[in-house]
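Below is one structure; the comments refer to it alone.
Numbering (the UniProt record's numbering), first residue to last: 1 to 277.
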């Protein structure tokens, strides 16, 4: 039953995200800045969910609870790519909506394909650069333990296996998370506040309704990710939290957003919904 549930969950995630990717990629009318940035979200979701489910399915199929250290590090790297990538992509999407709604006359001038390509390249390279340093600091340390308490590999669970001083790792990890979260939250809060002001000033009810619906969709996804991520981080820091609850929240971060994102954007975005029909 566990294998069938995991396999079905992964198949649903694969199907939903691949459909969204295909719809955007195959329809030239959707090759617009908003959808080109959105295209990165299902790609990123597939990276995170695949990193989790491929290992889970292997363990359930072989009935083995062991994992090579190199495989564990690889899984952790891609899970962190997913976590960081989601924040960067949602921030880029908020910036795009801000330009579209608050500066509609300049939108086509600002959001050129070249500019969109620079945004996408920058967010992926920044994510890779941050994580390359994180895992360089991790891999230099000697291991003296081999048992993980977390359901999947990530930086905190790998640091728990080390027998050397991990202060530098903790400082760098918390610093990068704090900076990333502060920058992302400031940009998103500012852009959506400006969008709300622009919407309430608008004399066109259709424009106001469409803008608010788009922003509400983005905010729901962002808040879901933030809440799940926050609970996961807290579960590592507080020893009184039930280990089962910590495991559930950790798994939820890699299951719910990849499942809900394509459904939310597919059903809530009129242009994508029309192409699906």
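C-beta: ideal position from N, C-alpha, C; glycine also.
Give the DSSP bridge partners of residue i, in chain order.
{"i": "residue 143", "result": "162"}
Whole-angstrom Cβ separation of residue i and residue j, contact assumed at under 8 Å?
{"i": "residue 158", "j": "residue 76", "result": "6 Å"}
{"i": "residue 191", "j": "residue 94", "result": "5 Å"}
{"i": "residue 257", "j": "residue 42", "result": "That belief does not hold up - the Cβ atoms of residue 257 and residue 42 are roughly 11 Å apart, past 8 Å."}
{"i": "residue 125", "j": "residue 173", "result": "Rounded, the Cβ-Cβ distance is 20 Å, inconsistent with contact."}
{"i": "residue 152", "j": "residue 55", "result": "7 Å"}
Here's a check: name, in chain order, each residue in its chain whose Cβ is nearer than 8 Å to the Cβ of residue i, leaving out the five neighbours to either side.
{"i": "residue 103", "result": "110"}
{"i": "residue 131", "result": "77, 80, 81, 84"}
{"i": "residue 120", "result": "36, 37, 40, 92"}
{"i": "residue 168", "result": "137"}
{"i": "residue 264", "result": "217, 220, 221"}
{"i": "residue 241", "result": "234, 235"}
{"i": "residue 142", "result": "162, 163, 164"}
{"i": "residue 23", "result": "30, 266, 272, 275, 276"}
Just curious, the alpha helix (DSSP H) that residue i is in, first and last residue?
{"i": "residue 270", "result": "270-276"}
{"i": "residue 169", "result": "167-201"}
{"i": "residue 75", "result": "69-102"}
{"i": "residue 33", "result": "33-38"}
{"i": "residue 22", "result": "2-26"}
{"i": "residue 241", "result": "Residue 241 -> no alpha helix (DSSP H), and no H or E assigned at all."}
{"i": "residue 152", "result": "Careful: residue 152 lies outside any alpha helix (DSSP H) and carries neither H nor E."}
{"i": "residue 109", "result": "107-110"}
Around the C-beta of residue i, are 16 or more other C-beta atoms found within 10 angstroms, so that it is buried, or is it exposed?
{"i": "residue 11", "result": "exposed"}
{"i": "residue 222", "result": "buried"}
{"i": "residue 45", "result": "buried"}
{"i": "residue 61", "result": "exposed"}
{"i": "residue 255", "result": "buried"}
{"i": "residue 244", "result": "exposed"}
{"i": "residue 150", "result": "buried"}
{"i": "residue 98", "result": "buried"}
{"i": "residue 123", "result": "buried"}
{"i": "residue 33", "result": "buried"}
{"i": "residue 2", "result": "exposed"}
{"i": "residue 108", "result": "exposed"}
Tell me which residues share the same chain as residue i and place their Cβ nearer than 7 Å to its Cβ, disregarding the 5 neighbours each side in the sequence.
{"i": "residue 127", "result": "81, 84, 85, 88"}
{"i": "residue 252", "result": "228"}
Apart from the five residues on each side of it in sequence, which residues of its chain come closer than 6 Å, Cβ to Cβ, to residue i?
{"i": "residue 176", "result": "130"}
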